[in-house]
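The sequence shown begins at 1304 in the working numbering and counts up by one.
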Amino acid sequence: MERISHWIGGKIVPGESGRSGPVYNPVTGEQTHEVDFATVEEFDRAVEVAKEVFPEWRAMPLSKRSALFFRMREVLDQRKTDIAKVIVRQHGKCLFDALAEVERGVELLEFAAGLPHLLKGDYSEQVTTGYDLFSVRQPIGVVAGITPFNFPAMVPMWMCAAAMACGNCFILKPSERDPGASIMLAEAFRDAGLPDGVFQVVQGDKVVVDRILEHPDIRALSFVGSTPIAKYVYATAAAHGKKVQALAGAKNHMIVLPDADIGMAADAAVSSVYGSAGERCMAIATVVPVGDIAEPLMEAIIERAQELRVGDGMDPESQMGPLVTREHRDRVVSYLDSAREQGATVVMDGREHPLWGTGFFVGPSIIDHVTTDMDCYKDEIFGPVMTVVRVNTYEEAVGLIARNRWGNGAAIFTRDGGAARQFVYDVEAGMVGINVPIPVPLAFYSFGGWKESFFGDSKMYGPEGFHFWTREKAVTVRWPDPATSKIDLGFPRSR
Ligand code: NAD
């Protein structure tokens, strides 16, 4: 069985713990790899390497660091298809989708290459007589990122592009379910000329996560994953004095107002719910038709969902692949049973799809007439299951989102600019789409939800990413004539 190991000090380092986990091809359900799980000592070794490299990396002139980021961008772009194919094999998503994910990663490097501009501080002259005040943003040191299975290339890039551009040394702990892309990123960066030890990968499970959370030399860390683990990571890391941002689960609503174009809204709902088999934190989970549009909209959605081509992500004909593991698939379909028991209408059951029973496939599913007390509404399903909550008014629809525990993304479909503007004003979510069902901000904005979708302050990547991965230092300067110097025990005044 092929092993996936750690990347420490610029090379692959086989694990020594004797602990490991399986990686599957979700199309067949067969195990293809074994991934090493690090010990505390193995992680500590990576930290020691990073600490040694940090002073030199931090000192690299900004123009030189920027040029290196352009090279990293080029190498990653050249290898995007190879990386995407590995993602298809370990995650299950379709090749076109995996390629889009790596391309988003390329864009993050592109943005980070603008680091000389992004790291500029402020300068105020003559803040009081003869005094100037300026600020610099400095790297934090050795930092870490813990990532989920659903974007094995893009989410690590959300973190590491900005973290390294700011002058930090970054250690990645990828998801143990599809860790192959992490090593390919490391190889691409090395081949572009990134000094050994600036980007490292330590594979593993809770053992290594817990070590990251308490290691005294990890000064900041970024997490993306489910809400219970995000809460744990945020609280534990903060208790150990670290700067931490933790992006978490979601339940994104798509409101469809009565004036919306039905075909366009149905296309968008189906694309968003079933893309990547629903394993996206920005996927629409709940469609909320307002008023009379519900019947014709559901008809249009069902027609489209029935025609979706489910299959191996390497087949160019496929639109939707399997789920990542058997356990996850079983958990996803359990919501179809509980929905039925709790009184909802299961309009499409993915277990009736011909590929049910092959690998980790489940077909597109739709649960209509859902109410907010049902498990399929209260929990994050994270699979190809559309839940539909029908309401009578816009106020009811926006109230649903306000009362939901999550607030990652939300979308509205309408042809009324005034209603859309009001929605932007009202809605309790961090990322909003107007006639856009997956409103993921591009690299030059920042990503992050509200409520239980995000724990922390600065958001991910973009300008806030540069803020997160640096510390500000404020410097007060004066160059007076020594002859004017005198003792003054008062607190410094500016007036
Ligand atoms: P997960 O929480 O199971 O795992 C995330 C990471 O935490 C992995 O690296 C995993 O090894 C580690 N981990 C898991 N259990 C742990 C434990 N008990 N103690 C310590 N570490 C642990 O998440 P997942 O299933 O890989 O990913 C799906 C989840 O991620 C969904 O909830 C999805 O909404 C969320 N997600 C959120 C965003 C966002 O930006 N808000 C983006 C992508 C995914």
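For each residue, glycine too, the CB sits at the ideal point set by N, CA and C.
Nearest CA to the CA of residue i: which residue from the options?
{"i": "P1477", "options": "I1307, E1582, Q1622", "result": "I1307"}
{"i": "T1335", "options": "H1394, E1305, L1600", "result": "E1305"}
{"i": "V1512", "options": "T1432, T1342, L1436, A1387", "result": "T1342"}
{"i": "G1312", "options": "G1733, I1449, T1773, R1493", "result": "R1493"}
{"i": "I1474", "options": "V1350, A1713, M1651", "result": "V1350"}
{"i": "T1277", "options": "D1633, P1625, R1693", "result": "There is simply no residue 1277 to check, as the chain begins at 1304 and stops at 1798 in what is shown."}
{"i": "H1770", "options": "D1339, P1498, M1487, A1465", "result": "A1465"}
{"i": "A1580", "options": "I1449, L1611, E1517, E1319", "result": "L1611"}
{"i": "S1797", "options": "L1411, F1346, G1433, K1383", "result": "G1433"}
{"i": "G1483", "options": "I1390, K1383, V1701", "result": "I1390"}
{"i": "F1809", "options": "G1793, M1651, R1522, G1324", "result": "Only positions 1304 to 1798 of the chain appear in the structure, and residue 1809 is not among them; the question remains open."}
{"i": "N1471", "options": "M1487, L1497, V1458", "result": "L1497"}
{"i": "I1315", "options": "F1502, Q1393, V1330, G1448", "result": "F1502"}
{"i": "W1753", "options": "K1546, A1608, E1731", "result": "E1731"}
{"i": "R1361", "options": "V1445, E1620, Y1327, A1700", "result": "V1445"}
{"i": "P1419", "options": "F1399, R1440, A1401", "result": "R1440"}
{"i": "E1344", "options": "D1791, D1615, G1507", "result": "G1507"}
{"i": "N1328", "options": "P1455, D1615, W1772, V1409", "result": "D1615"}
{"i": "D1263", "options": "S1641, D1652, G1751, M1487", "result": "The shown model of the chain, from 1304 to 1798, leaves out residue 1263, and the question about it has no answer."}
{"i": "R1634", "options": "Y1764, F1758, D1678, H1656", "result": "D1678"}
{"i": "L1371", "options": "D1671, A1416, P1317", "result": "A1416"}
{"i": "I1669", "options": "G1660, T1661, Y1680", "result": "Y1680"}
{"i": "E1598", "options": "H1631, Q1622, V1650, A1549", "result": "V1650"}
{"i": "Y1577", "options": "P1785, F1747, L1745, D1400", "result": "D1400"}
{"i": "P1619", "options": "K1388, M1557, E1319, D1339", "result": "K1388"}
{"i": "A1572", "options": "D1729, I1604, A1491", "result": "I1604"}
I'd like to confirm the pairing. Which residues does DSSP put opposite residue i in its beta bridges?
{"i": "M1689", "result": "I1669"}
{"i": "M1651", "result": "I1669"}
{"i": "E1253", "result": "Shown here, the chain extends from 1304 to 1798; a query on residue 1253 therefore has no answer."}
{"i": "G1328", "result": "For the sequence presented, residue 1328 should be read as Asn rather than Gly. E1333."}
{"i": "S1800", "result": "Residue 1800 is absent from the structure shown; the chain starts at 1304 and stops at 1798."}
{"i": "F1414", "result": "BP columns for F1414 are empty, so no partner."}
{"i": "D1435", "result": "V1780"}
{"i": "M1763", "result": "F1750"}
{"i": "S1323", "result": "D1339"}
{"i": "C1472", "result": "V1445"}
{"i": "K1314", "result": "I1311"}
{"i": "V1758", "result": "The displayed chain sequence assigns Phe, not Val, to residue 1758. Answer by DSSP bridge pairing, in chain order: A1549."}
{"i": "W1461", "result": "For W1461, which the question treats as bridged, DSSP gives no partner whatsoever."}
{"i": "W1709", "result": "K1754"}
{"i": "N1555", "result": "I1587"}
{"i": "E1305", "result": "H1336"}
{"i": "F1716", "result": "V1559"}
{"i": "Q1503", "result": "I1474"}
{"i": "Y1535", "result": "None, per the DSSP bridge assignment."}
{"i": "S1427", "result": "L1436"}
{"i": "I1737", "result": "I1715"}
{"i": "V1694", "result": "V1593"}
If you drop the 5 nearest sequence neighbours on each side, which residues of the same chain put their C-beta closer than 7 angstroms to that of residue i?
{"i": "G1594", "result": "P1561, N1695"}
{"i": "L1600", "result": "V1559, I1565, A1568, A1569, P1592"}
{"i": "A1723", "result": "I1715, T1717, I1737"}
{"i": "H1543", "result": "L1516, E1517"}
{"i": "A1403", "result": "none"}
{"i": "Y1537", "result": "V1547, A1549, F1758, G1759"}
{"i": "D1380", "result": "V1409"}
{"i": "A1705", "result": "E1731"}
{"i": "M1467", "result": "F1473, V1501, F1502"}
Once you ignore the five residues that flank residue i on each side, which residues in its own chain have a CB closer than 6 angstroms to its CB?
{"i": "S1438", "result": "G1424, D1425, E1775, A1777"}
{"i": "F1664", "result": "P1625, L1658"}
{"i": "M1585", "result": "G1712, I1741, V1743"}
{"i": "R1407", "result": "M1457"}
{"i": "T1539", "result": "L1516"}
{"i": "D1719", "result": "D1562"}
With a threshold of 8 angstroms on Cβ separation, who are the neighbours of residue i within its own chain once the five nearest residues in sequence on each side are excluded?
{"i": "D1435", "result": "Y1426, S1427, E1428, Q1429, T1779, V1780, R1781"}
{"i": "E1683", "result": "S1529, T1530, G1552, A1553, K1554, A1588, W1709"}
{"i": "T1628", "result": "Y1327, P1329, R1480, F1663"}
{"i": "D1347", "result": "R1514, H1518"}
(request) Please specify which runs of the alpha helix (DSSP H), each continuous and at least 4 residues long, are wholly inside the segment 1608–1645, giving them in chain order. (result) Counting whole runs of 4 or more residues, the segment 1608–1645 contains the alpha helix (DSSP H) stretches 1629–1644.
(message) Which runs of the beta strand (DSSP E) at least 3 residues long sit entirely within the segment 1563–1593? Give them in chain order.
(response) Unbroken beta strand (DSSP E) runs of no fewer than 3 residues, entirely contained in the segment 1563–1593, are found at 1587–1592, following chain order.
(request) Identify every run of the alpha helix (DSSP H) within the segment 1368–1420, keeping only runs that are complete inside it and at least 4 residues long; order them along the chain. (result) As far as the segment 1368–1420 is concerned, its whole alpha helix (DSSP H) runs of at least 4 residues are 1383–1394, 1398–1415.
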